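Under our numbering, the first residue of the sequence shown carries the number 2, and numbering increases by one thereafter.
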Amino acid sequence: MIVVRVPAMQSRRDVRAVSARISDVPGVRTLRADLATRTVQVSGSAAHAAVTAALAAAGYAADPVDGTPHPSPTRIGGPPVDTTLFSTDITGLPEAVRSDVMDLDDGDELLLRPGPVAKRLGDVTVRMLGYNGSIPGPTLKVRQGSEVVVHVANDTDLDTTVHWHGLRLENRFDGVPHETQAPIPPGGEFTYRIQFPDPGLYWYHPHIREDVTQELGLYGNIVVEPTEPDYWPPAHRDVVLTLDDLLLEDGLIAPFSRTETNYAAMGRYGNVMLTGGETAPAFTAQSGEVLRFWLTNTANSRVFRVGVPGARMKLVGGDSGRVEHELFVSEVVLGPSERAVVDVLVDGPGEFTLEHRTPDRRYPLAGITVTGHAAEPSMRQEFERLRSAPELVEERRHLDRWLAAPPDKVLAIVATMDMSGMDDMDMGDMDMGHEMSAMHGDAGDGIEWEDHMVEMNRAMTSTNMHWQFLDRTSGRNAPPADWRFTAGERVKLRLVNEKNSDHPMHHPFHIHGAGRFLVLSRDGVTEPNLVWKDTVLIPTGQTVDLLFDVTNPGLWMAHCHIAEHMHSGMMFSFTVDRAAIS
Ligand SMILES: [Cu+2]
């Protein structure tokens, strides 16, 4: 820790100038500028001389106090002044509260305030971001066909928007900065009017620096209750859980870059699992209870494969509503931003674990203690029944035509790595050859379950890692620039996740609320169980065909939902025109 006294730092403006200059010094990990004591504290590997030189360049003389005791945290004049973008300071922050469920009727209004919180994770307390002080933010429970008004007040220190993931809403409330709205600056406000045409599980998160803000805790769920009474089979209880991971280093969240997205190769994999915002959540249940788990993968990059050993599990829903055929499963795979709705029947007494399994290891996500008391009423009989969704059975009747049709659009996923700048980076004693070969290894299923190249990944940023979509429709080979559809039409999209690019890996491809899609086939094999989706996980080397039902006019985005990939080029926008009035 370097501590420097800066007597000339006398205003918030000075703090900003000083912070901006020092944060550019190589090796600076965290930075805390304190106006009350006129000191700057810097952690990381930055040289003392480099910090004072940066101060001098900004016109501030430094008065070194290195080695003297830490300045007192007592402050004159209110809360600490900290204008670094991604501060780690928890002084004076409210402790994160439990996530609320907000039951909203048609026309209701609510206030959503993203802002910093102190979040306790086991033995450490870290600075994170929460909506209304909680991680995840409040779960919004709404009715299908209703509309609510959400006032967003930005209490964070970076620009924000709110994207309502999976909802087919009005384009102007989609939350895409500079395309559908101006960013909400720190201290600013914006009002969204959001609609819920489809039942199911959705979520909300910012659409600016998702690599930072999603990692720091800005996400929350929306459960849209169906109009149709028996849309879902009966269950005793709903358990809404976000699945996330967080990268901690030395008791702090691993640093972000102010100016570019780091971990741009693999995306940021965490080393701590956060289930519903907690490191070790625990539930109790009664014997024979049917628990409905509403799962959302809110991680930056990690794919989850979730099961409950010893309990029976039935898949009932996906991204947007129920599945064509309910199915008993041992696990469900969720790429970033995908959702699954599963019913779990537990028989007790005993201990069960909701766990994430990779080919090499198991991560406990939540504990379930089942008592000897029998759940009333019994739902065993209903649980045994596997139902079908008539609207999707109807879709399948028309599937052959779409399966046989040539794709309307072909999109290839390609990575280019610029390794030329790697010499200048602090790569430690990294074995480049080893890491390079590890990069191309997965378990043979096309999914990177872990980050096996942490050192290189950290050094890859949006400047040297280029993720691209290439429009390969009928002989083209350029980024998709002119995609245009009409509301009411259906379009067949083919996505090719190329094996022969610089860094092949899985990608969760997400399309904003212009419509929703069905997966038609994977590598030519017809999808056995249909469900409406907004995100599809494409393993390495796979070709996926989608039937995109285009319904909402506007300018819409499509992108990879690995936050770091999106910010390194894996995004584009397309236009949907209003249907002509006949
Ligand atoms: Cu990606």
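Just so it is clear, CB atoms sit at the ideal spot from N, CA and C, and this is done for glycine as well.
In this text, all values refer to a predicted model and were calculated from it rather than measured experimentally.
Problem set entry | residue 243 - DSSP class collapsed to helix/strand/coil | The residue given as residue 243 occupies position 242 in the sequence shown. Residue state for residue 243 is assigned as strand, using DSSP reduced to three classes.
Exercise. Sorry if obvious, but does the Cβ on residue 571 come closer than 7 Å to a heavy atom of ligand 1?
Worked result: The residue you call residue 571 lines up with position 570 of the sequence shown. Answer for residue 571: yes, Cβ within range of ligand 1.
For this session: Give me the Cα-Cα distance between residue 231 and residue 120, rounded to the nearest whole angstrom.
Result: Sequence index remark: in the sequence shown, residue 231 carries index 230 (1-based). Sequence index remark: in the sequence shown, residue 120 carries index 119 (1-based). Separation of residue 231 and residue 120 (C-alpha to C-alpha, rounded to the nearest whole angstrom) is 39 Å.
Exercise. Quick one: does the C-beta of residue 568 sit closer than 7 Å to a heavy atom of ligand 1?
Worked result: If you number the sequence shown from 1, residue 568 lands on position 567. Residue 568: no, Cβ never under 7 Å from ligand 1.
For this session: Please go through the same chain and pick out, in chain order, the residues whose beta-carbon is closer than 7 Å to the beta-carbon of residue 402, but skip the five residues on each side of it.
Result: Here residue 402 is taken as the residue at index 401 of the sequence shown, counted from 1. So the list is empty, once near-sequence residues are dropped.
Exercise. Any idea what DSSP makes of residue 566, helix, strand or coil?
Worked result: Start at 1 with the first residue of the sequence shown, and residue 566 comes out as number 565. Three-state result, residue 566: helix.
Problem set entry | Cβ-heavy atom distance, residue 468 to ligand 1, below 7 Å | By 1-based counting over the sequence shown, the position of residue 468 is 467. Yes - ligand 1 has a heavy atom lying nearer than 7 Å to the Cβ of residue 468.
Problem set entry | Proximity test, residue 185 beta-carbon vs ligand 3 heavy atom, cut-off 7 Å | This structure lacks ligand 3; the ligands present are ligand 1.
For this session: Can you check the stretch 287-347 for any beta strand (DSSP E) of at least 3 residues that lies completely inside it and give the ranges in chain order?
Result: List check, beta strand (DSSP E) in window: 290-298, 305-308, 313-319, 322-330, 333-335 and 340-347.
For this session: Rank 513, 511, 531 and 508 by C-alpha distance to the C-alpha of residue 519 and give the top, closest one.
Result: Residue numbering aside, residue 519 sits at position 518 when the sequence shown is read from its first letter. Taking only the C-alpha atoms, the option nearest residue 519 is 531.
Problem set entry | Straight-line gap, residue 543 to residue 561 (C-alpha atoms, nearest Å) | Sequence index remark: in the sequence shown, residue 543 carries index 542 (1-based). Sequence index remark: in the sequence shown, residue 561 carries index 560 (1-based). If you take the alpha carbons of residue 543 and residue 561, they lie about 15 Å apart.
For this session: Kindly indicate which residue of 60, 16 and 471 has the alpha-carbon position closest to the one of residue 39.
Result: If you number the sequence shown from 1, residue 39 lands on position 38. If we check each option's Cα against that of residue 39, 16 comes out closest.
Exercise. Between 62, 51, 44 and 355, which lies nearest to residue 11 when the distance is taken from Cα to Cα?
Worked result: Reading the sequence shown from its first residue, position 10 is the one you call residue 11. Of the candidates 62, 51, 44 and 355, the one whose C-alpha sits nearest the C-alpha of residue 11 is 62.
Exercise. Where residue 369 and residue 286 are concerned, what is the direct C-alpha to C-alpha distance, given to the nearest angstrom?
Worked result: As a working note, residue 369 is residue 368 in the sequence shown. As a working note, residue 286 is residue 285 in the sequence shown. Cα-Cα distance, rounded: 7 Å.
Exercise. If you measure from the CB of residue 508, is any heavy atom of ligand 1 nearer than 7 Å?
Worked result: By one-based count along the sequence shown, residue 508 stands at place 507. Yes, the Cβ of residue 508 comes within 7 Å of a heavy atom of ligand 1.
Exercise. Quick one: Cα of residue 249 to Cα of residue 451, how far?
Worked result: Start at 1 with the first residue of the sequence shown, and residue 249 comes out as number 248. Start at 1 with the first residue of the sequence shown, and residue 451 comes out as number 450. Distance between the alpha carbons of residue 249 and residue 451 is about 15 Å.
Exercise. In terms of alpha-carbon separation, which member of 135, 336 and 511 lies closest to residue 447?
Worked result: Looking up residue 447 in the sequence shown gives position 446. Among 135, 336 and 511, the Cα nearest to that of residue 447 belongs to 336.
For this session: Give the secondary structure of residue 232 by DSSP, where H, G and I count as helix, E and B as strand, and everything else as coil.
Result: In the sequence shown, counting from the first residue as 1, residue 232 sits at position 231. Here residue 232 sits in coil by DSSP.
Problem set entry | Inter-residue Cα distance where the pair is residue 297 and residue 220 | Locating residue 297 in the sequence shown gives position 296, counting from the first residue. Locating residue 220 in the sequence shown gives position 219, counting from the first residue. Answer to the nearest angstrom: the Cα atoms are 10 Å apart.
Exercise. What residues in its chain sit with their C-beta under 7 Å from that of residue 550, if we drop five residues either side in the sequence?
Worked result: As a position in the sequence shown, residue 550 is number 549, starting the count at 1. Counting only Cβ-Cβ distances below 7 Å, and skipping sequence neighbours, we find 491, 516, 517 and 518.
Problem set entry | heavy atom of ligand 1 below 7 Å from residue 563 C-beta | For the purposes of this step, residue 563 is taken as residue 562 along the sequence shown, with counting starting at 1. Checking the Cβ of residue 563 against ligand 1 gives yes.
Exercise. Residue range of the beta strand (DSSP E) that residue 375 falls in?
Worked result: Against the sequence shown, residue 375 aligns to sequence position 374. That run of the beta strand (DSSP E) goes 363-375.
Problem set entry | Own chain partners of residue 236 with C-beta closer than 6 Å, once the 5 adjacent residues on each side are dropped | Sequence index remark: in the sequence shown, residue 236 carries index 235 (1-based). Here the set comprises 291, 293 and 344.
Problem set entry | Beta-carbon contacts of residue 255 that lie in its chain and below 6 Å, excluding the five residues immediately before and after | As a working mapping, residue 255 is identified with position 254 in the sequence shown. Once the five neighbours on either side are set aside, the close Cβ partners of residue 255 are 248.
For this session: Return the Cβ separation of residue 308 and residue 356 in integer angstroms, given the expectation that the two are a contact with Cβ distance under 8 Å.
Result: Taking the sequence shown and counting its residues from 1, one reaches residue 308 at position 307. Taking the sequence shown and counting its residues from 1, one reaches residue 356 at position 355. With a beta-carbon spacing of about 6 Å, residue 308 and residue 356 fall inside the 8 Å limit used to define contacts.
Exercise. First and last residue of the alpha helix (DSSP H) that includes residue 119?
Worked result: Walking along the sequence shown from the start, residue 119 turns up at place 118. From DSSP, residue 119 is part of no alpha helix (DSSP H) but of the beta strand (DSSP E) over 115-122.
Exercise. So, residue 253 versus residue 127, is the Cβ gap smaller than 8 Å?
Worked result: Here residue 253 corresponds to residue number 252 of the sequence shown, with the count starting at 1. Here residue 127 corresponds to residue number 126 of the sequence shown, with the count starting at 1. Closer than 8 Å, so yes.
Exercise. Can you list, in chain order, the residues of its chain whose CB lies under 8 Å from that of residue 52, leaving out five sequence neighbours each side?
Worked result: Along the sequence shown, read from residue 1 onward, the residue named residue 52 stands at position 51. Excluding sequence neighbours, residue 52 sits near 3, 5, 23, 26, 29, 41, 43 and 63.
For this session: Tell me, please, whether the stretch 408-415 touches the stretch 459-466 by the rule of three or more beta-carbon pairs shorter than 8 Å.
Result: no
Exercise. Buried or exposed: residue 322, going by 16 or more other Cβ atoms within 10 Å of its Cβ?
Worked result: Position 321 of the sequence shown, counting from 1, holds the residue named residue 322. Buried is the call here.
Exercise. Does the beta-carbon distance from residue 223 to residue 143 come in below 8 Å?
Worked result: As a working note, residue 223 is residue 222 in the sequence shown. As a working note, residue 143 is residue 142 in the sequence shown. For residue 223 and residue 143, yes; Cβs fall inside 8 Å.
Exercise. Which residues mark the beginning and the end of the beta strand (DSSP E) in which residue 257 is found?
Worked result: Along the sequence shown, one-based indexing puts residue 257 at 256. Looking at the DSSP string, residue 257 is not in any beta strand (DSSP E), and its letter there is neither H nor E.
Exercise. Should residue 352 be labelled buried (16 or more other beta-carbon atoms within 10 Å of its own) or exposed?
Worked result: For the purposes of this step, residue 352 is taken as the residue at position 351 of the sequence shown. Answer is exposed; the Cβ neighbour count stays below 16.
Problem set entry | Buried/exposed call for residue 442, threshold 16 Cβ in 10 Å | In the sequence shown, counting from the first residue as 1, residue 442 sits at position 441. Confidence at residue 442 is low in this model, with a pLDDT of 46, below 50, so the placement of that residue should be treated as unreliable; the coordinate-derived value is given next. The residue is exposed, with fewer than 16 neighbouring Cβ atoms inside 10 Å.
For this session: Return the CA-CA distance between residue 576 and residue 93, expressed in angstroms with no decimal places.
Result: Counted from its first residue, the sequence shown places residue 576 at position 575. Counted from its first residue, the sequence shown places residue 93 at position 92. Looking at the two C-alpha atoms, the distance is approximately 46 Å.
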